[in-house]
Structures are given as structure tokens and as C-alpha cells.
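Numbering (the numbering used here), first residue to last: 5 to 367. Heads up, the beta-carbon is just placed ideally off N, CA and C, and yes, glycines get one too. On a predicted model such as this, the values are computed, not experimentally measured, just so you know.
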């Protein structure tokens, strides 16, 4: 067929436009759904009609202007990647949470927002021979829900246990849908674990916090499974300990979290190389200047000094700490949390950047 023929041109015209993470950043909200009393799902599309390509378990970094200040937050995609015209994030209202409360109270259908993504490496290993434990606590259900919805869309053979913990039965996000999906997918087994059942006295199952005894009872072959875990830091710490004690190999335990971890680094001992040099790092908006050695990240030292910089992953993945570098140079080793055009515009990630000179940062 002649590549210039009408048939070829017609086929080319029908190819869908695809969202480009490097250049596209505008989303329009097309639907809002109340999931529980304090959880909403927001669905977004490209205003240009572009399709989204992402893996279940990935997330978007939302950049919002609230009260004249920039706020960035990561939210995992909860929808199936096989429904490419839009994607959803599911957000729990957090007490005192500036961004989650703003989204719940102000974001409306047809509103536009800025976002960067898809990002992240919390992705289910491929292969039908694998056995999985999908383990989530609270709103940490969102990335694993995307995985289950994808399985339902493809009818991929799977042997998976889905264990979801929440404070009470009414806090079990996607509860009814998960029951329907378990009926549809023969290889999916559900376990709901509310911490207490005061609002549902007829609860038919167990209640309490995740424990080794409960997991052993619910998943006796845990050591044979790949564990995908997401939830609050204490929940994941308990799950990690249980999996390790049960003999799950470290490479078979995967977790995702946007909780800001304590950023501790070993003390830097004097050495003759550049890492021993100490640089002056100024934060212009907070009128603070601190010392940072060439072997430490800007964010770790800023946190220790009480400098306010929003952060989540602390390893250059999420982009939450993205800041303007007014002057100076850094050695930045990021993992996808910033685009090249943002670097070209003078932005950097303090969490994975070590100073090479004195710095002035717009924070």
C-alpha cells in the first residue's frame, strides 16, 4: 500500500492523541464520586482529548495554588489503565490536611488542575505463575485497587489474596465493588479487617489490627506470595515485619508510601574530597541560611534545621519537594520526579540534591 494513499492517511488520522508526561500538565475534572463519608474519587481527563498510558500502581503529582502558595501532593491512580480516556484518584480527607481538604471542599467538575505523571515504580511483576498478597490500609488501597480493576478488565489468570484494613466497616473504601470483583474473578480472595465494629454490630468477620496470627490464618502460604503493600507507615512497618518473619524474600515484598520519612543521614566525617566542603544554603522566603556539606542532601539538612519544605518520598521519585534554585549549582540524582524542561527552568529536587556551591533557594 502506498504510504501516501487515502487509506493510509485515513488510518493515521484515526490514531488517538496520547498524553506526553514531558510536555502535558493540564487536567480537567470530569466527575466526582463520594466513596465513604470522608473519601472522594476525582476523575480527570485531558482537555485535548488525549489518552493516558500508565501502569497500575503509578501516581500523579498534583501542583496546586492555594492561597497564593504552591502545594504539591502525590495521589495514586485508582482506576484501570485499560480505560484510557480518563483516570481517577481517590482522596481521603485528612484532619488539618491542606490539600485533601481543599480538594474535597473546592474542586468541582470542569475545574482544571496542573499535574505531572504518571510516575512511580510500585508495579505488579508480570507473569501468570505468580501468587500475590495485595495488602492495604486506609486510603492506601488506591494503587492496589487499580491493579484489581485491571485484572477484571483483562480476565488475566491470577491467584491473589486482597487484604484491606480500615478503622471501621464504614471506612472500607470500595467495599461493595470489591465484593463484585471477587465474584467475577475466580482467583481473587477478599479479607476485610476493620479495627473496630462499633457502627456495624453484625460484622461477620474478625476485627482488630493486622497481626502475624491473623495473616497466618488468612494467608497460610504467605511465604510463596509476592506482597504488594500500601498504607500508613505504622501499618506497613507491621506488614513488613510479618512478611519477613513468614519467610517472604525481600525481593518479593514491595511497598508504596507517600509518608514523609525521617530523613536521617550518617554524620559526615572530614575527608579530603569535595563532600567535606560546607556550603551556605539560603532560603529566601523564610529568611534562613544553613550549612550543608557536599555529602548531604539539601532536604535532609533543611528538615533538621526546621526549614519548611513539603516532602514525601525523599528519594527523587515523587517531586513533592520541587523548588526554584535562584543561584548556585547542585548534584541532583533524581528518579523521575522532575521533567527536563523543569530543570531547564531552574527547578530542582532538594531531597536528592547535594550542593556544589553556595545556594539561594526560593522557599
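Buried or exposed for residue i, going by 16 or more other Cβ atoms inside 10 Å?
i: residue 317; result: buried
i: residue 225; result: exposed
i: residue 72; result: exposed
i: residue 110; result: exposed
i: residue 165; result: buried
i: residue 206; result: exposed
i: residue 24; result: exposed
i: residue 37; result: exposed
i: residue 152; result: buried
i: residue 269; result: For residue 269, the predicted model reports a pLDDT of 37, less than 50, meaning its position is unreliable; a value from the coordinates is still stated below. It is exposed - the Cβ of residue 269 has fewer than 16 other Cβ atoms within 10 Å.
i: residue 221; result: exposed
i: residue 125; result: exposed
i: residue 74; result: exposed
i: residue 169; result: buried
i: residue 167; result: buried
i: residue 367; result: buried
i: residue 96; result: buried
i: residue 281; result: exposed
i: residue 331; result: exposed
Using DSSP with H/G/I as helix, E/B as strand and the rest coil, what is residue i?
i: residue 126; result: coil
i: residue 221; result: helix
i: residue 305; result: helix
i: residue 81; result: strand
i: residue 278; result: Low confidence applies to residue 278: its pLDDT is 48, below 50, so where it sits in the model is not reliable, and the reading given next is rough at best. Helix at residue 278.
i: residue 266; result: Confidence in residue 266 is poor, its pLDDT being 34 and thus under 50, which makes the residue's placement too unreliable to answer from.
i: residue 37; result: strand
i: residue 111; result: coil
i: residue 336; result: strand
i: residue 104; result: helix
i: residue 358; result: strand
Per DSSP, residue i is paired with what?
i: residue 285; result: 294, 363
i: residue 22; result: 55
i: residue 3; result: Because the chain in this structure spans residues 5 to 367, residue 3 falls outside the shown range and cannot be described.
i: residue 312; result: DSSP output for residue 312 lists no bridge partner at all.
i: residue 426; result: Missing from the structure shown is residue 426; the chain here goes from 5 to 367 and no further.
i: residue 75; result: 68
i: residue 94; result: 45
i: residue 119; result: 66
i: residue 257; result: 231
i: residue 351; result: 328
i: residue 31; result: 117
I believe residue i touches residue j by the beta-carbon criterion, under 8 Å. Please report the beta-carbon distance rounded to the nearest angstrom.
i: residue 119; j: residue 66; result: 5 Å
i: residue 194; j: residue 186; result: 5 Å
i: residue 246; j: residue 211; result: Contact flag wrong, Cβ pair sits at about 18 Å.
i: residue 305; j: residue 315; result: No, residue 305 and residue 315 are not in contact; Cβ-Cβ is about 13 Å, not under 8 Å.
i: residue 312; j: residue 284; result: Rounded, the Cβ-Cβ distance is 19 Å, inconsistent with contact.
i: residue 20; j: residue 69; result: That belief does not hold up - the Cβ atoms of residue 20 and residue 69 are roughly 31 Å apart, past 8 Å.
i: residue 240; j: residue 259; result: 5 Å
i: residue 333; j: residue 361; result: 5 Å
i: residue 82; j: residue 150; result: 5 Å
i: residue 58; j: residue 129; result: Not a contact, Cβ separation roughly 17 Å.
i: residue 39; j: residue 344; result: Actually they do not touch by this definition, with Cβ atoms about 36 Å apart.
i: residue 92; j: residue 235; result: Incorrect: roughly 19 Å between the Cβ atoms, too far for contact.
* Asked: Which runs of the beta strand (DSSP E) spanning at least 3 residues fall entirely within the region 41-71, listed in chain order?
  -> List check, beta strand (DSSP E) in window: 43-49, 63-70.
* **Unbroken stretches of the beta strand (DSSP E), 3 residues or longer, contained in the region 139-206** => List check, beta strand (DSSP E) in window: 163-170, 192-198.
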